[in-house]
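Undergrad: One structure coming up, written as structure tokens, with questions to follow.
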Amino acid sequence: GQQVMQIPQYQHVQEGEDFTTYCNSSTTLSNIQWYKQRPGGHPVFLIQLVKSGEVKKQKRLTFQFGEAKKNSSLHITATQTTDVGTYFCAGRESSGYALNFGKGTSLLVTP
Amino acid sequence: EAGVVQSPRYKIIEKKQPVAFWCNPISGHNTLYWYLQNLGQGPELLIRYENEEAVDDSQLPKDRFSAERLKGVDSTLKIQPAELGDSAVYLCASSLTYNEQFFGPGTRLTVL
């Protein structure tokens with residue numbers, strides 16, 4: 233079955249530094265979604281990428297979908313303490329409806 | 137607009153006891169999901185409903201887990217009997233299409 237791998241598992245940065253998390257799938261995806269989960273909270277949808285090579289921006293967050301639709305990245309510019317949480321990618325197979333979540337990257341930002 | 141509602145928020149039971157979780161999705165959302173989330177892991181799908189039909193229950197351990205969504209609105213997930221390894225957060229989510237999923241706050245289950 234489809235495997236979605238995320239790296240790194242943890243990242244600790246100083247406020248103002250940049251942060252990137254990477255997501256790789258063993259199979260081609262029809263689309264990929266990103267969610268953020270604050271400590272003690274539940275996953276909250278950030279964005280969905282559908283097209284090969286797609287790049288979307290939300291303020292300081294930049295999301296990319298690879299040309300082969302098997303990998304994706306989330307980049308945060310100039311992190312803030314409010315960015316603390318776990319970022320999950322979730323990929324949907326080309327042949328199905330199931331959304332497979334990665335294990336997430338936990339971001340800690342210290343002032 | 138109210139979000140996805142789940143109850144209870146926390147549940148502590150002894151092993152071999154039954155337990156049930158309830159979820160009320162966002163109004164109008166036909167698709168409902170139950171996920172299991174272990175500490176340090178991403179959500180893992182247990183079952184997906186389209187209205188009242190369970191269209192994907194391949195990951196549901198059917199020997200002890202059951203779920204229902206009788207009227208295509210709210211849903212109940214049951215475990216009987218619970219085992220120590222069932223301790224986790226059980227998340228319910230709903231969606232209008234196969235795009236954004238809205239998650240509830242989850243039920244944290246502790247099995248002693």
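Read top to bottom, the protein sequences are chains U and Y. Last residue of the first sequence: 343 (our numbering), numbering continuous. Last residue of the second sequence: 248 (our numbering), numbering continuous. Ideal placement from N, C-alpha and C gives every residue a C-beta, glycine not left out. Remember, it's a predicted structure, so these values are computed and weren't measured experimentally.
Please name the residue or residues paired with HIS307 of chain U in a DSSP beta bridge.
TA: U:THR252 and U:THR294
Undergrad: Would you decide whether SER326 of chain U is buried or exposed? Buried here means 16 or more other CB atoms lie within 10 Å of its CB.
TA: exposed
Undergrad: List the residues that DSSP assigns as beta-bridge partners of GLY211 of chain Y.
TA: Reading the sequence as shown, one finds Ser at residue 211 of chain Y and not Gly. SER211 of chain Y is bridged by DSSP to Y:CYS159.
Undergrad: Just by C-beta distance, which residues in the stretch 321-339 of chain U are closer than 9 Å to chain Y?
TA: Per Cβ criterion, the list reads CYS321, ALA322, ARG324, GLY328, TYR329, ALA330, LEU331, ASN332, PHE333, GLY334, LYS335, GLY336 and SER338.
Undergrad: Report, in whole angstroms, the separation of the C-beta atoms of LEU101 of chain Y and GLU150 of chain Y, which I expect to be a contact under 8 Å.
TA: Residue 101 of chain Y falls outside the range modelled here, since chain Y spans only 137 to 248, and no answer is possible.
Undergrad: Report the start-end ranges of each beta strand (DSSP E) in the stretch 250-285 of chain U that is 3 residues or longer and not cut off at the edges.
TA: 251-257, 261-269 and 276-281
Undergrad: Find the residues of chain U that neighbour GLU189 of chain Y, judging by a C-beta separation of less than 7 Å, and give them in chain order.
TA: Scanning chain U for C-beta atoms nearer than 7 Å to the C-beta of GLU189 of chain Y yields nothing, as the closest lies near 13 Å away.
Undergrad: Would GLN296 of chain U count as contacting chain Y if we go by Cβ distances under 8 Å?
TA: no
Undergrad: Throw me the rounded Cβ distance for the THR314 of chain U and GLY336 of chain U pair, which I believe falls under 8 Å.
TA: Actually they do not touch by this definition, with Cβ atoms about 18 Å apart.
Undergrad: GLY221 of chain Y by DSSP, collapsed to three states: which one?
TA: Three-state DSSP puts GLY221 of chain Y in a helix.
Undergrad: Can you tell me which of Y:GLN153, Y:LYS152 and Y:CYS159 puts its alpha carbon nearest to the alpha carbon of TYR226 of chain Y?
TA: Y:CYS159
Undergrad: Check the Cβ of PRO241 of chain Y against every Cβ in chain U and list those closer than 9 Å, keeping chain order.
TA: GLY273 and HIS274
Undergrad: Checking 8 Å against the spacing of the C-beta atoms, do VAL141 of chain Y and GLY240 of chain Y come in under that value?
TA: yes
Undergrad: What is the residue span of the beta strand (DSSP E) that LYS147 of chain Y lies within?
TA: 146-149
Undergrad: At least one CB of chain Y closer than 8 Å to the CB of GLN280 of chain U: is that the case?
TA: yes
Undergrad: DSSP three-state label for THR233 of chain Y, please.
TA: coil
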